[in-house]
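Following: one structure in structure tokens, then a few remarks.
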Amino acid sequence: MAHATATQPGSGEVGPNYADHPELAIAAVIYMMSRFPTIRSPALARAIREHLSLIDADPRLPPELRDCCHQVKEEWRSYELLCAVDSVAAH
Numbered sequence: 002m003a004h005a006t007a008t009q010p011g012s013g014e015v016g017p018n019y020a021d022h023p024e025l026a027i028a029a030v031i032y033m034m035s036r037f038p039t040i041r042s043p044a045l046a047r048a049i050r051e052h053l054s055l056i057d058a059d060p061r062l063p064p065e066l067r068d069c070c071h072q073v074k075e076e077w078r079s080y081e082l083l084c085a086v087d088s089v090a091a092h
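In our numbering, each residue carries its 1-based index in the sequence shown increased by 1.
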């Protein structure tokens, strides 16, 4: 599978081209969710939530997928906050 990348506006960084290839956001969020039980980082939970928001907002994607992302993205906000608390408590 070819990887579509684009320069992120204003950053000079190359990253996934979600605007032209929304399926990359879906693949990324599935991968990140699979890693979360091992990593349990607030940054990873935030990235998952942000990707779910991207998918939810993309009208090209099936409404069932968008609705599912909409329903679970706030749960990931809770995971982000819980991981941050766990991180502080561990130090």
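By construction, the Cβ of each residue, glycine as well, lies at the ideal position given by its N, Cα and C atoms. Please read all numbers here as calculations on a predicted model, not as lab measurements.
Quick one: residues in its chain with C-beta nearer than 8 Å to the C-beta of residue i, no 5 flanking neighbours on either side, listed in chain order?
i: LYS74; result: ARG50, LEU53, SER54 and ASP57
i: PRO87; result: Reading the sequence as shown, one finds Asp at residue 87 and not Pro. So the qualifying residues of the chain are ARG41.
i: MET33; result: LEU45, ALA48, ILE49 and HIS52
What would DSSP say about residue i, mapped onto helix, strand or coil?
i: PRO63; result: coil
Going by alpha carbons, who is nearest to residue i out of the options?
i: VAL89; options: PRO43, GLN72, ASP59 and GLU76; result: PRO43
i: GLU81; options: ILE31, PRO38 and LEU66; result: PRO38
Going by beta carbon distance, what residues of the same chain come within less than 6 Å of residue i, once the five residues before and after it are set aside?
i: ASP59; result: PRO23
i: ARG67; result: ASP57
Could you round the C-beta distance between residue i and residue j to whole angstroms and report it? I think they count as a contact, below 8 Å.
i: CYS84; j: ALA46; result: 6 Å
Excluding five sequence neighbours on each side, which residues of the same chain lie with their C-beta closer than 7 Å to the C-beta of residue i?
i: ARG61; result: PRO23
i: ARG78; result: ARG50
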